[in-house]
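*Asks:* Structure below; questions to follow.
4 protein chains.
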Amino acid sequence: MIDFHLNGVGKEQDSQHQKELSLLNDRLKLAKGLNPIIEKLKCFQVAIPSWALGTGGTRFGRFPGGGEPSTIVQKIEDVALLHRLNKSSGAISLHFPWDKVENMQELTEIATSHGISFDAVNSNTFQDQIDQPYSYKYGSLCHTDKEVRKLAIDHNKEVIALGDRLGSKALTVWLSDGSIFPGQQDFKSALSRTLDSLNEIYEKLPEDWTLLLEYKPFEPNFYSMVIPDWGTSFMLVSELGEKAKTLVDLGHHLPNTNIEQIVSTLLFGNKLGGFHFNDSKYGDDDLTVGSLKPYQMFLIFCELVKGMNEDPKLDLAWMIDASHNLKDPLEDLIQSVEAINIAYAQALIVDYESLAFYQNQNDATKCQEILQEAFRTDVRPIVREARLQQDGAFDPLRSFRELKVRESLIASRGTHSKATGL
Amino acid sequence: MIDFHLNGVGKEQDSQHQKELSLLNDRLKLAKGLNPIIEKLKCFQVAIPSWALGTGGTRFGRFPGGGEPSTIVQKIEDVALLHRLNKSSGAISLHFPWDKVENMQELTEIATSHGISFDAVNSNTFQDQIDQPYSYKYGSLCHTDKEVRKLAIDHNKEVIALGDRLGSKALTVWLSDGSIFPGQQDFKSALSRTLDSLNEIYEKLPEDWTLLLEYKPFEPNFYSMVIPDWGTSFMLVSELGEKAKTLVDLGHHLPNTNIEQIVSTLLFGNKLGGFHFNDSKYGDDDLTVGSLKPYQMFLIFCELVKGMNEDPKLDLAWMIDASHNLKDPLEDLIQSVEAINIAYAQALIVDYESLAFYQNQNDATKCQEILQEAFRTDVRPIVREARLQQDGAFDPLRSFRELKVRESLIASRGTHSKATGL
Amino acid sequence: MIDFHLNGVGKEQDSQHQKELSLLNDRLKLAKGLNPIIEKLKCFQVAIPSWALGTGGTRFGRFPGGGEPSTIVQKIEDVALLHRLNKSSGAISLHFPWDKVENMQELTEIATSHGISFDAVNSNTFQDQIDQPYSYKYGSLCHTDKEVRKLAIDHNKEVIALGDRLGSKALTVWLSDGSIFPGQQDFKSALSRTLDSLNEIYEKLPEDWTLLLEYKPFEPNFYSMVIPDWGTSFMLVSELGEKAKTLVDLGHHLPNTNIEQIVSTLLFGNKLGGFHFNDSKYGDDDLTVGSLKPYQMFLIFCELVKGMNEDPKLDLAWMIDASHNLKDPLEDLIQSVEAINIAYAQALIVDYESLAFYQNQNDATKCQEILQEAFRTDVRPIVREARLQQDGAFDPLRSFRELKVRESLIASRGTHSKATGL
Amino acid sequence: MIDFHLNGVGKEQDSQHQKELSLLNDRLKLAKGLNPIIEKLKCFQVAIPSWALGTGGTRFGRFPGGGEPSTIVQKIEDVALLHRLNKSSGAISLHFPWDKVENMQELTEIATSHGISFDAVNSNTFQDQIDQPYSYKYGSLCHTDKEVRKLAIDHNKEVIALGDRLGSKALTVWLSDGSIFPGQQDFKSALSRTLDSLNEIYEKLPEDWTLLLEYKPFEPNFYSMVIPDWGTSFMLVSELGEKAKTLVDLGHHLPNTNIEQIVSTLLFGNKLGGFHFNDSKYGDDDLTVGSLKPYQMFLIFCELVKGMNEDPKLDLAWMIDASHNLKDPLEDLIQSVEAINIAYAQALIVDYESLAFYQNQNDATKCQEILQEAFRTDVRPIVREARLQQDGAFDPLRSFRELKVRESLIASRGTHSKATGL
């Protein structure tokens with residue numbers, strides 16, 4: 004692994020940082036000061052998906068950069084490197100069969116040595132692997148052919164088994180199943196078969212695991228997806244049982260959807276399981292978190308903070324799911340994690356007691372003021388302080404560049420290494 | 004009521020009609036011929052909402068025509084007139100308090116004399132009535148103030164009581180409740196209060212009644228609606244009990260939503276209760292059925308026909324919910340009912356057995372052919388035949404114009420009569 | 004007019020304010036300090052539309068508050084009151100015939116006495132006035148009937164004449180013209196007639212005036228609008244001549260439109276004329292500026308600041324166009340103006356030189372950092388300082404509430420006064 | 004090339020066909036009968052893009068079928084085969100460098116021998132070719148680097164030269180240029196550079212050629228595209244000159260866009276150049292023409308027919324641009340061409356004189372009736388007759404299957420041949 008020391012990059016800004024933090028403390032006048040917020044930020048860890056460490060593409064082309072991790076060990080090293088900088092990326096989420104290796108034991112040891120844990124594992128039934136006996140061309144868990152369904156079910160069971168050996172506690176299922184043309188698929192039959200398949204997978208789920216079920220309205224199918232919306236996922240996980248929950252990917256919604264309300268409704272129904280963070284303007288654009296709709300991110304985190312305040316045992320899976328055509332993938336992830344931390348910090352300084360008071364009075368003006376007060380506050384000193392208290396970088400992106408991390412990776416891995424992924 | 008005789012308008016086209024029907028019969032080669040389809044069309048009745056008989060408007064203006072029905076009796080007469088022409092509009096759906104009158108008994112008698120029955124009754128908690136003790140400005144069933152909720156609950160109970168006296172068997176609840184600004188409303192609390200309120204109403208529902216719960220993503224609230232999507236309605240009606248079902252209004256969806264799939268999913272979950280038919284391009288435009296997306300209408304009816312084939316006891320509420328800024332409301336309804344009948348007839352001639360066969364083979368090309376074969380067929384002779392067999396008009400719109408029905412209505416009601424509604 | 008003194012509301016926060024301003028100055032390290040930015044903010048004035056001072060509604064209902072201005076004099080007083088608080092609302096935009104009075108001279112005197120000027124005047128051809136000889140039901144400038152077009156053209160000419168007497172320098176034309184059903188209107192003929200009508204109006208435009216032409220994709224027409232998008236407006240104003248420009252209303256776009264790019268393209272084509280600020284999630288929701296998409300507002304202002312930097316003579320019309328169902332209209336406007344000022348201040352502190360450097364290097368990471376650095380900065384001290392230097396309120400909303408302005412207005416105008424508007 | 008004879012497939016249906024045609028003739032009562040319509044259909048040819056003959060994919064995967072054409076000669080043979088069946092696909096549209104071969108002369112001869120001509124040629128600057136000296140990762144004609152722009156400009160010039168040798172008369176330019184993140188690109192500079200680059204290409208355009216400029220709102224760039232909408236394309240082609248026109252791809256629009264109105268507006272501005280036909284629900288889904296929104300197709304053709312009636316010299320480029328993940332590409336094209344012919348035939352039987360009459364009366368009811376009358380008519384006998392009169396297949400899809408064309412192709416080309424494309 005690339006070895007680097009933070010070397011005090013950013014040190015000269017420390018005095019300004021202290022002043023900003025102190026002035027913020029004066030202004031916010033929180034009963035217990037900023038410390039409880041800083042502590043919460045320190046505990047907060049977002050998993051990095053193994054497939055976000057390389058350059059993603061579109062159907063029109065893929066423009067790779069250099070120094071991409073070509074093995075799962077290198078991917079773990081990339082996450083460790085990120086975590087070294089921001090102290091908020093202490094977990095990796097694997098995707099099988101992309102990340103499958105002979106020696107799973109070794110993986111665990113390497114990860115542990117870097118302080119990285121394994122988050123939810125992901126199955127892949129949207130692509131055909133070489134020598135696969137049946138094709139997923141017309142679906143997987145929903146397929147009309149029992150043999151294809153069995154193949155997909157068995158694959159999911161195997162992913163659970165693999166995850167179990169890594170210490171994962173969740174299986175994330177995203178199905179690309181659906182249809183492209185009206186009539187191609189009988190909706191009810193497809194949904195029914197999917198439920199049956201999921202039941203078979205669910206039976207193999209260890210007691211302390213969660214099955215996270217995604218939904219998505221379109222792509223790669225463009226007429227219907229078998230699980231197009233949160234309602235369908237909710238219906239299915241309700242049938243499956245207590246260990247099944249819905250996972251919200253921010254990019255998986257129709258135009259204008261109020262995502263923060265869905266988050267709240269799933270909390271109401273006890274079925275919110277986790278998140279795939281990213282940002283988008285048109286569809287599943289898989290862009291850097293917070294790069295387009297930062298206020299939406301903040302509003303989502305307000306729902307989450309309220310949920311966690313109400314139920315301290317609420318255990319959600321946090322993960323980034325972005326795919327990067329243009330930026331250096333590590334720089335993109337640095338920006339994404341920073342955006343998540345900022346949204347979380349903004350949501351933590353909201354005065355929910357006042358908010359509830361004015362909500363009860365239907366004083367929309369004041370409610371808006373309370374949220375905007377938090378959002379307009381520059382909380383970066385708080386986020387930075389949480390990072391510094393854990394010996395992270397003053398400014399992760401600046402460190403990444405000044406320490407020439409990518410250059411080192413290219414030197415060691417070459418310019419043509421290629422990561423698995425989209 | 005305006006008295007008119009169909010006078011054989013269209014008679015000269017009868018020979019062409021017979022030839023078309025016969026040729027269609029030759030081509031379709033249905034095992035039992037066209038008769039079973041004609042019989043189904045004859046049984047099919049779509050309720051007319053009392054508020055669609057006048058000119059609807061937008062916030063920018065309202066441009067009324069003349070001869071609008073200004074009393075509920077006149078509205079019943081308008082529906083009777085429609086039914087006389089098309090034989091498919093034998094029911095009216097009332098909206099309270101708009102349609103409330105002293106003498107409910109009289110209403111029933113008048114309706115019966117015209118062969119019109121009372122379909123689902125509708126409550127209105129989206130507008131304040133004069134002298135109302137509390138305002139719905141900030142919601143009704145979801146309101147933070149218990150007194151407001153009570154007012155709205157009591158109103159719904161009263162609507163049930165009124166409907167009961169009319170012979171209605173369903174209460175349709177559409178809530179405009181929601182919020183305009185982020186923070187204004189706590190989603191979970193609002194949803195929880197709404198469920199409690201609905202439970203109180205549900206308790207008063209007679210045994211043989213259905214509570215139909217609508218959903219809508221936006222308008223008149225523009226940040227969140229308490230019941231924004233089918234998933235939330237499904238969650239609520241599942242909590243309420245067996246007599247509660249979801250009602251689908253075609254205009255109440257986000258851009259690009261696959262509505263026919265929602266219909267199918269609700270059928271899968273045994274929670275489809277009924278329809279509000281209309282058409283739209285941008286939002287809840289409330290336009291004439293079939294005027295913009297006739298293929299979508301057909302696809303929805305394919306799901307419905309499959310559902311009714313599987314479960315002959317399936318009892319759905321069919322209603323038009325359109326609002327007309329420019330056309331003569333009765334002409335608009337004639338066109339809407341015709342479009343519904345056409346979509347239904349097209350869906351009835353689909354070869355579902357072949358479709359299922361090719362779906363099982365994932366032969367998307369053939370599946371598309373089967374649907375398009377039905378959709379591209381000109382089924383108007385079938386629809387016409389069903390109407391003629393019941394002594395309806397050969398061409399309802401032509402009869403309406405040639406018999407100068409609107410002119411008669413204006414003569415008797417005046418040019419400035421105004422119907423209640425939006 | 005309500006008389007009030009700011010009475011030092013907020014004075015106790017002055018020391019914190021000074022510290023924040025100073026620390027911001029230290030951090031931003033601008034070559035010329037914060038003063039040039041503060042000066043630009045002081046010069047920046049946003050016109051208040053006369054129709055935003057009352058409660059707007061939807062087709063479903065209208066829930067008025069109390070103390071609304073029922074005369075144009077009272078509306079001017081409301082704007083003066085706003086301007087007294089925020090020092091950024093020194094102009095009013097009138098809408099005819101809503102704001103027409105006998106004595107126009109008096110209006111000018113009253114406005115002058117309050118330091119309020121008259122911004123663009125607006126014509127109204129989307130509603131029928133009582134005793135209007137022809138109806139706009141089927142359009143105005145595009146109408147098939149020459150007499151209706153003449154009525155609408157003459158009305159626009161009259162509005163120009165009225166505006167001329169008030170010292171206005173621009174006519175804003177928004178057409179609701181369009182069609183609800185396919186086939187209702189021949190697109191080309193309607194567009195051609197509209198161009199001819201606009202030409203007649205343009206001929207009467209004084210030399211130093213601008214004709215601002217809006218566009219809107221839907222509502223109140225739901226199939227087509229004659230001027231649905233910026234391209235059509237651009238095509239028309241290019242035909243009309245140099246004094247005709249396109250006006251961008253933020254709420255008048257299809258889902259997912261990149262509005263900041265349209266702003267830039269219109270600047271490229273020398274045809275950007277002005278803005279109607281508001282915010283929205285679904286359509287022309289007319290919500291408080293910045294309440295939903297503050298980052299979009301910032302990105303738009305970045306384009307505007309670049310445009311003004313390149314062409315210091317660029318003269319744009321700035322106006323709010325919001326309509327308020329729930330909030331106190333004056334509170335809503337206070338929040339809107341604050342949001343505009345914040346977006347402008349954020350855009351003013353962007354380092355455009357660095358941005359251009361990294362754009363030329365295609366360094367998307369750094370470009371994003373530069374924009375986010377500005378957006379995440381809490382610029383409220385700068386905005387506040389600009390206000391305080393002009394003897395405005397420390398916190399306009401707090402002053403409005405603590406000084407009980409609305410209560411005074413209700414006391415003097417009553418609870419049932421009603422403003423003209425939607 | 005696969006040799007096959009139509010062998011009278013469908014012959015047994017001929018009598019029914021004749022009856023249907025005759026009855027249609029009786030009903031439509033056209034002054035000159037059906038013949039003029041049949042003649043127009045016989046003249047109508049839609050170009051097939053060389054890249055639609057293989058299986059397209061998404062970023063998630065690609066599931067090829069067998070027997071795909073792996074050379075441009077085989078692609079021409081596939082188009083010839085299609086044309087043999089439907090008699091409406093007598094042209095192919097090439098895409099360079101995908102379709103580049105050493106011996107261009109041979110191509111022309113082969114095409115001529117099959118009766119296939121070369122339609123518009125397409126350049127590709129959205130992908131990097133192996134050994135390309137500069138990358139299009141950050142754009143082509145808009146690139147910040149002059150060398151990259153030169154590479155892209157030269158490629159376009161080369162495509163013109165290649166097309167010229169084939170007898171093409173148009174260059175279609177689709178740019179994927181744009182940005183993924185706010186700030187990444189300066190909109191105005193990028194647009195300005197694009198215009199300059201286009202000017203250089205335009206200078207090389209032969210006198211009798213047309214430059215067709217596409218637009219697209221998103222994908223593969225997800226924040227901005229340099230030419231996102233028809234307005235920008237119109238602005239650019241207006242600057243370029245008379246030989247430059249806008250090309251409309253049906254899938255390149257934001258949700259809910261009224262495409263038929265854009266067609267009409269471009270006709271009004273004399274800048275409509277051609278079409279890429281396909282269908283879609285969410286974005287650039289590239290699905291079979293007419294598979295989702297057949298009424299929209301009909302409405303578009305109504306505008307085109309009106310345009311061609313007004314200006315018989317109107318010369319438009321017609322092309323399919325679809326990409327097929329699931330269906331046999333040739334079957335997909337058979338369905339697409341059939342759908343186009345049906346929409347055209349429906350538009351040809353519209354009574355435009357009556358339509359104009361009722362439009363002038365603002366009789367929306369009758370206008371809708373006139374359009375629906377045409378759309379609801381089963382025009383397939385007319386389309387079939389036009390095909391039969393040219394010795395095409397009675398039912399192209401049925402012939403394709405019964406004659407086992409794909410099986411023959413697989414036998415000769417193998418199951419693993421792969422076509423170039425997306």
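Residue numbers (my numbering), protein chains in the order written: chain A, 4 to 425; chain B, 4 to 425; chain C, 4 to 425; chain D, 4 to 425. Note that the Cβ used here is the ideal one computed from N, Cα and C, for glycine as well.
(1) Distance, Cα to Cα, A377(B) vs S283(D)?
(2) If we ignore side chains and look at the alpha-carbon of each, how far apart do V292(A) and N125(C) end up?
(3) Between which two residues does the beta strand (DSSP E) harbouring D282(A) extend?
(4) Counting only the same chain and skipping the five closest in sequence on each side, list residues whose C-beta sits under 8 Å from that of K191(D).
(5) Are L257(C) and S236(C) closer than 9 Å when you measure CB to CB?
(6) Could you check whether the Cβ of G293(A) sits closer than 9 Å to any Cβ belonging to chain E?
(7) Near I413(B), what residues of its chain come up, given a Cβ to Cβ distance below 7 Å and the 5 sequence neighbours on each side ignored?
(8) Along chain B, in chain order, which residues have C-beta atoms closer than 8 Å to that of L329(C)?
(9) Any contact between the region 35-44 of chain B and the region 89-108 of chain A? By contact I mean 3 or more CB pairs, one from each, below 8 Å.
(10) Could you list the residues in the region 253-264 of chain A with a C-beta less than 7 Å from some C-beta on chain B, going in chain order?
(11) Between the region 186-206 of chain B and the region 261-274 of chain A, can you find at least three pairs of beta-carbon atoms closer than 8 Å?
(12) Could you check the C-alpha separation between Q299(B) and V308(B) for me, to the nearest Å?
(13) I need the straight-line Cα distance from L154(A) to P72(A), nearest angstrom please.
(14) Kindly list the residues whose CB is nearer than 7 Å to the CB of E150(A), restricted to its own chain and excluding five residues on each side of it in sequence; keep chain order.
(15) Return the CA-CA distance between E245(C) and W54(A), expressed in angstroms with no decimal places.
(16) Quick one: give me the first and last residue of the alpha helix (DSSP H) that S96(D) is part of.
(17) Looking only at its own chain, which residues have a Cβ that is under 6 Å from the Cβ of F1(C), when we skip the five neighbours before and after it?
(18) When burial is assigned at 16 or more other CB atoms within 10 Å of the CB, is A164(D) buried or exposed?
(19) Please tell me whether Q364(B) has its Cβ less than 9 Å away from any Cβ of chain D.
(20) List the residues of chain D that C428(C) touches, going by C-beta distances under 7 Å, in chain order.
(21) Quick check: G59(B) and G424(B), are their CB atoms within less than 9 Å of each other?
(22) Look up D167(C) in the DSSP assignment and say whether it is helix, strand or coil.
(23) Kindly indicate if chain C contains any beta-carbon less than 9 Å away from that of I3(D).
(24) Pull out every residue of the region 203-235 of chain B whose Cβ sits closer than 8 Å to any Cβ of chain A, in chain order.
(25) Kindly list, in the order they appear in chain B, the residues whose Cβ is closer than 7 Å to that of P297(D).
(26) Cα-Cα, which of L201(A), V76(A), W212(A) is closest to Q108(A)?
(27) On the DSSP letters alone, give me the boundaries of the beta strand (DSSP E) that I113(D) sits inside.
(28) Within a Cβ cutoff of 7 Å, which residues of the same chain sit near D167(D), ignoring the five residues on either side of it in sequence?
*Replies:* Answer, in terms of the structure:
(1) 21 Å
(2) 41 Å
(3) Taken as a continuous stretch (DSSP letters only), D282(A) belongs to no beta strand (DSSP E), as it is neither H nor E.
(4) none
(5) no
(6) Annotation note: the requested chain E is absent from the structure, which comprises protein chains A, B, C and D.
(7) G69, G70
(8) K140, Y141, I183, F184, Q187
(9) no
(10) L257, P258, N259, T260, N261, Q264
(11) yes
(12) 14 Å
(13) 29 Å
(14) Y137
(15) 53 Å
(16) Element bounds for S96(D): not the alpha helix (DSSP H) but the beta strand (DSSP E), 94-96.
(17) Examination of residue 1(C) is not possible in this model, given that chain C is present from 4 through 425 alone.
(18) exposed
(19) no
(20) Nothing in the structure corresponds to residue 428(C), since chain C is present only between 4 and 425.
(21) yes
(22) helix
(23) Coverage of chain D is limited to positions 4 through 425, which leaves residue 3(D) absent and any answer about it impossible.
(24) P220, F221, Y226, S227, P231, D232, W233, G234, T235
(25) Y298
(26) V76(A)
(27) Counting along the chain, I113(D) falls outside any beta strand (DSSP E), though it belongs to the alpha helix (DSSP H) covering 107-117.
(28) P209
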